[in-house]
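Trainee: Residue numbers (this note's numbering), protein chains in the order written: chain Y, 478 to 897; chain R, 478 to 897. Using N, Cα and C, we set each Cβ at its ideal position, and we do this for glycine too. Since we're looking at a predicted model, the values are computed, not measured. If you scroll down you'll find the structure; I have some questions about it.
There are 2 protein chains.
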Amino acid sequence: MQSAIRFHPPSYDIRVETIPTPRISDPDDAIVKVKYAGLCGSDLHAYRGHEIVDQVHTCGHEFIGEIVELGSAFGKAIDGRAPLYSTLKVGDKVVSPFTTNCGECAFCRAGVTCRCIHSKLFGCPALEGAQAQYVRVPKAGGTLYSLSDPALSQKYSSWANISDSSLLFLGDILPTGLFAALQAIHHPKLQATLSGIPWPLHMDTSPSVRTESPKDITLTFAIVGLGPVGLCAMIALADQASLKGFKLRIVGVDLNEARRQKAERVYATVCQTEGYTDAGISFVTYDGEAAKSAVSEYTEGAGCDAVLEIVGHDSALNLAYDLVRPFGVISSVGVHSERPFPLSGGNLYDKNVSMDFGRCPARAMLPIALDLLVKRQDVFAGVGTDASLVDRIVGMGDAVEMYKLFDKGDIGKVLFQPWE
Amino acid sequence: MQSAIRFHPPSYDIRVETIPTPRISDPDDAIVKVKYAGLCGSDLHAYRGHEIVDQVHTCGHEFIGEIVELGSAFGKAIDGRAPLYSTLKVGDKVVSPFTTNCGECAFCRAGVTCRCIHSKLFGCPALEGAQAQYVRVPKAGGTLYSLSDPALSQKYSSWANISDSSLLFLGDILPTGLFAALQAIHHPKLQATLSGIPWPLHMDTSPSVRTESPKDITLTFAIVGLGPVGLCAMIALADQASLKGFKLRIVGVDLNEARRQKAERVYATVCQTEGYTDAGISFVTYDGEAAKSAVSEYTEGAGCDAVLEIVGHDSALNLAYDLVRPFGVISSVGVHSERPFPLSGGNLYDKNVSMDFGRCPARAMLPIALDLLVKRQDVFAGVGTDASLVDRIVGMGDAVEMYKLFDKGDIGKVLFQPWE
């Protein structure tokens with residue numbers, strides 16, 4: 478038996494219960510002993526009753542831990558199978574993306590692992606979650622990422638000092654924020670601006686011209702939603718600006734003042750680093766008017782080059798539309814519902830808006846997210862400090878209270894330590 | 478006085494009338510004597526009463542002709558002004574994009590000329606159209622494209638033989654079809670597929686790797702709407718496949734059988750050219766089911782890499798959504814209305830769909846559209862032949878009849894010759 482944080486429908490009912498320890502039920506399964514499990518904004522969809530869930534289940538889709546049992550598919554090198562089936566061992570440290578993926582289907586091979594034909598989301602009736610002492614991982618050879626791979630300590634000189642609590646961010650938050658940022662930056666509409674070559678000629682110019690350092694280019698972004706994913710998106714944007722050499726203005730938007738202040742502190746830490754741009758960042762309220770006037774002022778009335786929409790509400794999409802410039806990009810990673818879309822085709826036509834929607838392919842993003850995580854231990858490693866992304870690490874006994882505080886926006890990122 | 482084809486609200490009322498000849502009313506104006514003016518699908522929005530227009534006006538936004546009068550801004554080289562202000566002369570042959578643009582504002586300089594702050598659409602109450610003997614062109618130094626530029630006969634060895642009726646396609650149809658195709662092909666989601674490198678690694682790979690010829694890559698496109706713009710999109714896709722070396726499957730979708738047959742004949746001509754791929758093309762009915770099953774068969778159930786939506790109706794957007802693969806792209810150049818959007822945020826999230834909306838920046842596209850036009854005289858130059866994009870060239874006396882036939886889909890591209 479084990480302890481687990483369980484959701485009881487229809488809403489606001491979290492209980493810590495003793496339930497059977499999960500077992501291998503398929504040859505591709507692994508059982509992971511959980512060291513840390515995260516509490517994430519999308520856990521609140523079921524908690525608030527916004528997402529209709531008719532079954533009691535263990536919550537959570539972010540975790541890091543240790544392999545304690547492997548199915549019979551492991552230990553054999555078979556052509557076409559995901560490499561971990563031949564290399565993963567009991568005792569290895571692993572992190573998991575928030576959805577399972579086989580690593581073998583056409584979608585996985587193309588790197589769009591969030592659309593794997595075997596994909597399941599942890600922490601739903603369809604798959605028990607990770608806020609527990611043990612979690613069963615289906616398609617584990619494709620899903621898991623081994624942190625015991627010796628190549629990592631060769632690649633990262635600081636590997637031994639990377640904190641386990643920071644590595645949990647690889648499961649969802651950091652890849653998703655990075656995805657939102659990269660999706661926008663690599664859109665042809667922003668690539669035109671970055672190249673300094675007028676649209677559409679930038680598309681057919683030789684690579685040597687296209688990759689010139691765009692030193693005098695300033696991109697203006699808005700991030701709508703300054704929870705942990707929004708902060709990771711901000712960190713990713715700053716990193717991209719430093720790598721690619723463009724200037725960067727970010728307007729962060731959130732209704733919650735504590736979140737805005739946290740974001741300012743995180744940015745202040747991040748932008749101290751040598752090589753990062755010294756472009757300003759400003760935070761304005763989510764209710765729209767203040768953000769709109771700030772953006773208008775920064776961009777001489779044009780609007781943001783791109784808006785990262787990390788909320789998943791109609792109001793956030795409407796605000797993103799109002800903030801984006803004509804011929805701009807909305808990169809939306811917010812989880813949207815089946816409500817009617819708040820914008821018309823005419824709205825989108827009239828402004829030449831591009832929109833990229835959907836779930837981050839977290840498993841495919843994991844290696845590049847890890848690069849950023851190692852580089853930015855200043856904000857990922859700490860716990861409860863001014864500029865740390867983790868607010869608290871608690872035992873499961875605090876789960877009911879933590880869900881309440883997190884729901885109200887009174888606390889940031891919380892990690893559960895199921896063995897304390 | 479002059480003859481002009483005029484629309485009388487509220488709907489289905491076209492009259493050929495004698496009205497005053499336009500005059501220079503601003504220093505930046507030019508007066509063009511029209512040689513050919515096109516009848517375009519978007520002329521039907523007002524004609525059918527779908528677009529509320531409360532004023533009699535001259536129709537048409539596609540034209541080619543000769544400069545007969547220039548405003549006082551011309552003939553002077555002034556820093557920051559569009560180059561044509563210093564070079565354009567009375568007697569020069571010109572073609573115009575369907576909207577005016579100054580060539581000087583930030584949007585114009587960035588190549589997104591459709592979002593020029595001075596932009597006006599020809600053939601609306603706000604700006605008299607081109608289905609007339611003369612048309613006034615505001616911001617003419619930014620808007621017009623000179624076909625009398627000696628550089629053109631140096632660039633194109635066949636320049637003297639390029640037909641004037643084909644050059645009219647530069648005004649709207651060809652840039653818009655090319656725009657729909659390029660917007661999709663250059664989207665990061667398709668670039669990942671084309672590079673053969675899994676997402677997201679393709680974004681950070683060095684250009685030398687990224688630009689390898691993707692010989693074994695097949696992209697599957699759907700084109701929803703096989704009018705003249707859809708045909709130009711098809712021609713542009715085939716050209717891109719030949720230039721970039723990928724294989725191409727196109728599923729063309731239209732309710733109208735005559736349009737489907739025309740598209741097949743045009744494709745048969747286009748794909749005969751040396752260097753073009755020999756990938757198949759198939760045409761299925763617009764009502765959806767047949768197109769869906771064809772796409773499903775071609776792609777092993779996955780869906781199209783991209784769908785070009787060239788209709789502007791909810792049903793076309795719904796079909797595009799159904800046809801596109803997870804992590805695919807919808808490139809929409811159809812003119813959409815203010816009706817509620819037919820898809821939910823949840824739909825878009827669940828399939829990781831990207832959508833690029835809006836009007837083609839025709840003036841910025843004009844030079845690369847001209848490259849394609851010169852290359853593809855086999856389909857652009859003819860009139861009324863099996864594989865020609867122009868169905869008929871008529872005098873203005875046939876205007877009422879032509880609008881009727883075009884509205885019913887009984888005729889393809891019609892050009893008016895206002896002096897016959």
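Can you tell me whether R:F551 is helix, strand or coil according to DSSP?
Mentor: One-based indexing of the second sequence puts residue 551 of chain R at position 74. The answer is coil: DSSP assigns R:F551 none of H, G, I, E or B.
Trainee: For Y:M478, count the other beta carbons within 10 Å of its own beta carbon; 16 or more makes it buried, fewer makes it exposed. Which is it?
Mentor: Translated into the one-based positions of the first sequence, residue 478 of chain Y becomes position 1. It counts as exposed.
Trainee: Just checking: is the beta-carbon of R:E815 within a distance shorter than 8 Å of some beta-carbon in chain Y?
Mentor: Numbered from its first residue, the second sequence carries residue 815 of chain R at position 338. Chain Y contact via Cβ: present.
Trainee: Where Y:D641 and Y:D626 are concerned, what is the direct C-alpha to C-alpha distance, given to the nearest angstrom?
Mentor: Locating residue 641 of chain Y in the first sequence gives position 164, where the first residue counts as 1. Locating residue 626 of chain Y in the first sequence gives position 149, where the first residue counts as 1. Going from the Cα of Y:D641 to the Cα of Y:D626 covers about 15 Å.
Trainee: Going by C-alpha distance, which of Y:S488, Y:A715, Y:I496 and Y:K666 is nearest Y:A443?
Mentor: Because chain Y in this structure spans residues 478 to 897, residue 443 of chain Y falls outside the shown range and cannot be described.
Trainee: Can you tell me which of the three DSSP states R:K828 falls into?
Mentor: What you label residue 828 of chain R is simply residue 351 of the second sequence in a count that begins at 1. R:K828: helix per DSSP, three-state reduction.
Trainee: Please confirm if Y:L847 has its CB atom under 8 Å from at least one CB of chain R.
Mentor: Locating residue 847 of chain Y in the first sequence gives position 370, where the first residue counts as 1. For Y:L847, the answer is no, since every Cβ of chain R falls outside 8 Å of its Cβ.
Trainee: Is Y:A768 buried or exposed, if buried means 16 or more other CB atoms sit within 10 Å of its CB?
Mentor: The residue labelled residue 768 of chain Y in the question sits at position 291 within the first sequence. Classification for Y:A768: buried.
Trainee: Three-state secondary structure (DSSP) at Y:Y524?
Mentor: Walking along the first sequence from the start, residue 524 of chain Y turns up at place 47. Helix at Y:Y524.
Trainee: With C-beta atoms as the reference, is R:Q610 less than 8 Å away from R:V511?
Mentor: Walking along the second sequence from the start, residue 610 of chain R turns up at place 133. Walking along the second sequence from the start, residue 511 of chain R turns up at place 34. A contact, by the Cβ cut-off of 8 Å.
Trainee: For R:K828, go through chain Y and note every residue whose CB falls closer than 9 Å to its CB, in chain order.
Mentor: As a working mapping, residue 828 of chain R is identified with position 351 in the second sequence. Those are R592, F834 and G835, listed as they occur along chain Y.
Trainee: Output yes if chain Y places a C-beta closer than 8 Å to the C-beta of R:R525; else output no.
Mentor: Position 48 of the second sequence holds residue 525 of chain R. Cβ-Cβ to chain Y under 8 Å: no for R:R525.
Trainee: Between which two residues does the beta strand (DSSP E) containing Y:I594 stretch?
Mentor: Residue mapping note: residue 594 of chain Y aligns to position 117 of the first sequence, counting from 1. From DSSP, Y:I594 is part of no beta strand (DSSP E); its letter is neither H nor E.
Trainee: Would a check of beta-carbon distances place R:F584 closer than 8 Å to chain Y?
Mentor: On the second sequence, residue 584 of chain R is found 107 positions in, with the first residue counted as 1. For R:F584, the answer is yes, since a Cβ of chain Y falls inside 8 Å of its Cβ.
Trainee: What residues of chain R sit near Y:T670, judged by a beta carbon separation below 9 Å?
Mentor: As a working note, residue 670 of chain Y is residue 193 in the first sequence. Residues of chain R passing the Cβ test: A587.
Trainee: Do R:Y444 and R:N829 have their CB atoms nearer than 8 Å?
Mentor: Residue 444 of chain R lies beyond the range of chain R shown here (478 to 897); nothing can be said about it.
Trainee: Could you work out which residues of chain Y lie near R:A841, taking near to mean beta carbons separated by less than 9 Å?
Mentor: Here the question's residue 841 of chain R lines up with position 364 in the second sequence. Neighbours of R:A841 on chain Y, chain order: P675, W676, P677 and L678.
Trainee: With 16 other CB atoms within 10 Å as the buried threshold, where does Y:E766 fall?
Mentor: Your numbering for residue 766 of chain Y matches position 289 in the first sequence. The residue in question, Y:E766, is exposed, as its Cβ has fewer than 16 Cβ neighbours within 10 Å.
Trainee: Expressed to the nearest angstrom, what Euclidean distance is found between the alpha-carbon atoms of Y:A699 and Y:V784?
Mentor: Residue 699 of chain Y sits at position 222 when you count from the first residue of the first sequence. Residue 784 of chain Y sits at position 307 when you count from the first residue of the first sequence. One C-alpha to the other measures close to 5 Å.
Trainee: Is any beta-carbon of chain R found at less than 8 Å from that of Y:G438?
Mentor: Outside the displayed range of chain Y (478 to 897) lies residue 438 of chain Y, so it cannot be described from this structure.
Trainee: Just the C-alpha distance for Y:K898 and Y:K885, rounded to the nearest angstrom, thanks.
Mentor: Limits of chain Y in this structure are 478 at one end and 897 at the other, which puts residue 898 of chain Y out of reach.
Trainee: Please list, in chain order, all residues of the same chain as Y:K739 whose beta carbon is under 8 Å from its beta carbon, the five residues on each side excluded.
Mentor: Here residue 739 of chain Y refers to the residue found at position 262 of the first sequence. So the qualifying residues of the chain are L703, L708 and G889.
Trainee: In the structure shown, what three-state DSSP assignment does R:Q894 receive?
Mentor: As a working mapping, residue 894 of chain R is identified with position 417 in the second sequence. In this structure, R:Q894 counts as coil in the three-state DSSP scheme.
Trainee: Quick one: which chain R residues come within Cβ less than 8 Å of Y:P803?
Mentor: Against the first sequence, residue 803 of chain Y aligns to sequence position 326. Chain R residues near Y:P803: F584, V589 and R592.
Trainee: Using 8 Å as the Cβ pair cut-off and three pairs as the minimum, do the stretch 776-794 of chain R and the stretch 805-818 of chain R touch?
Mentor: Yes, since at least three Cβ pairs between the stretch 776-794 of chain R and the stretch 805-818 of chain R fall closer than 8 Å, the two stretches touch.
Trainee: If the cut is a Cβ gap below 9 Å, which residues of chain Y does R:F818 touch?
Mentor: The count along the second sequence starts at 1 and reaches residue 818 of chain R at position 341. Ordered by position in chain Y, the residues that pass the 9 Å Cβ test against R:F818 are P817, F818, P819, L820, S821, G822, N824 and L825.
Trainee: Going along the chain, which unbroken runs of the alpha helix (DSSP H) with 4 or more residues stay wholly within the stretch 703-734 of chain Y?
Mentor: As far as the stretch 703-734 of chain Y is concerned, its whole alpha helix (DSSP H) runs of at least 4 residues are 705-721.
Trainee: Output needed for R:Q532: all residues of its chain with C-beta closer than 6 Å, excluding positions within five of it in sequence on either side, in chain order.
Mentor: Translated into the one-based positions of the second sequence, residue 532 of chain R becomes position 55. Excluding positions up to five away in sequence, the list reads P602.
Trainee: Indicate whether R:L647 and R:A876 have their beta-carbon atoms separated by less than 8 Å.
Mentor: If you number the second sequence from 1, residue 647 of chain R lands on position 170. If you number the second sequence from 1, residue 876 of chain R lands on position 399. Contact flag unset, no.
Trainee: Could you tell me how far apart the beta carbons of Y:L667 and Y:L696 are, in whole angstroms, since I believe they sit closer than 8 Å?
Mentor: In the first sequence, residue 667 of chain Y corresponds to position 190, counting from 1. In the first sequence, residue 696 of chain Y corresponds to position 219, counting from 1. With 8 Å as the limit, Y:L667 and Y:L696 qualify as a contact, their Cβ atoms being about 7 Å apart.
Trainee: Would you mind sorting Y:M879 into buried or exposed? The rule is 16 or more other CB atoms within 10 Å of its CB.
Mentor: Position 402 of the first sequence, counted from the first residue, corresponds to residue 879 of chain Y. Answer is buried; the Cβ neighbour count reaches 16.
Trainee: Would you kindly work out how many angstroms separate the C-alpha atoms of Y:L547 and Y:A841, rounded to a whole number?
Mentor: Within the first sequence, residue 547 of chain Y is the residue found at index 70, counting from 1. Within the first sequence, residue 841 of chain Y is the residue found at index 364, counting from 1. Computed Cα separation, rounded: 22 Å.
Trainee: If you draw a straight line from the alpha carbon of Y:V728 to that of R:H534, how long is it in whole angstroms?
Mentor: To locate residue 728 of chain Y, count along the first sequence from 1; it is residue 251. To locate residue 534 of chain R, count along the second sequence from 1; it is residue 57. Y:V728 and R:H534: Cα-Cα distance of roughly 44 Å.
Trainee: First and last residue of the alpha helix (DSSP H) that includes Y:I662?
Mentor: Looking up residue 662 of chain Y in the first sequence gives position 185. Run containing Y:I662: I650 to I662, per the alpha helix (DSSP H) assignment.
Trainee: Buried or exposed, going by whether 16 or more other CB atoms sit within 10 Å of the CB of R:V567?
Mentor: Taking the first residue of the second sequence as position 1, residue 567 of chain R is located at position 90. It counts as exposed.
Trainee: Based on Cα-Cα distance, which residue from R:F818, R:H790 and R:D827 lies nearest to R:V801?
Mentor: Translated into the one-based positions of the second sequence, residue 801 of chain R becomes position 324. Closest by alpha carbon: R:D827.
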